[in-house]
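Structure first, then comments.
Numbering (the UniProt record's numbering), first residue to last: 1 to 260.
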């Protein structure tokens with residue numbers, strides 16, 4: 001599955017290499033970025049990162065009638081600590097432009113994509129994103145270290161995604177501060193909280209941990225908090241609902257919105 005995503009990014013990387021050769025890479029964003037980690041800490045241990053997600057390989061199209069601005073407004077009013085924005089175009093129908101639109105809600109944004117090349121970090125730094133996703137399994141140790149350093153130098157935070165203990169060891173060795181544990185099996189696409197339960201005891205002091213995939217109910221959120229996770233990332237289970245705001249409020253325990 002990850003190799004399919006890698007292939008889908010080849011054209012984007014070629015475009016960025018061409019822009020670099022022409023000295024036309026986008027300039028870094030110079031405005032203030034809200035802190036992604038501070039937003040999670042403020043709502044830990046049950047912070048919810050709500051995802052704007054228009055499609056996925058397993059689900060197909062998801063609520064395409066809702067615009068990025070609509071969803072951002074709903075999420076901001078419904079207890080989200082931050083918003084994950086899928087920008088991958090081929091399989092998730094995302095766009096880098098969504099970061100600009102969604103930033104109007106004031107919450108910190110995570111660019112969720114398959115980032116494999118330093119120029120993708122530079123392009124992200126030209127947006128209003130506060131953080132970006134790096135997937136350990138898609139990078140060598142050297143590449144991961146380089147991508148993290150470039151991310152930090154650009155004033156961005158990195159959410160480093162792991163699937164097992166080997167990934168976690170590599171992420172820690174590279175200098176990751178925010179760890180995202182993905183409960184999804186990449187071969188079957190099924191989710192299993194055993195991944196979170198197995199890795200949770202390995203959490204080091206001073207690290208922020210996010211649980212992702214398979215989280216559908218308030219009890220799931222509470223279970224992840226009990227394991228020591230600081231936040232959960234939730235996409236399909238809220239985006240596929242007729243009212244993603246109400247679904248998010250129920251997950252986040254945001255009683256005002258849920259009652260309304």
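Here a beta-carbon is modelled for each residue, glycine too, at the ideal position from N, C-alpha and C. Owing to the predicted nature of the structure, the values given are computational and were not obtained by experimental measurement.
- Between the C-alpha atoms of residue 211 and residue 239 there is a straight-line separation of about 17 angstroms.
- In the same chain as residue 98, and ignoring 5 residues on each side of it, the C-beta atoms closer than 6 angstroms to its own belong to 68 and 85, in chain order.
- Annotation for residue 12: the continuous alpha helix (DSSP H) segment containing it runs 10-21.
- A straight-line Cα-Cα distance of about 14 angstroms links residue 232 and residue 249.
- Boundaries of the beta strand (DSSP E) harbouring residue 52: 47-52, taken from the DSSP string.
- Assignment of beta-bridge partners to residue 112 by DSSP yields 86.
- Assigned with DSSP and collapsed to three states, residue 170 falls in helix.
- A direct Cα-Cα distance of roughly 31 angstroms separates residue 221 from residue 6.
- Straight-line measurement puts the Cα of residue 29 at about 26 angstroms from the Cα of residue 77.
- DSSP places residue 215 outside both helix and strand once states are collapsed to three, so it counts as coil.
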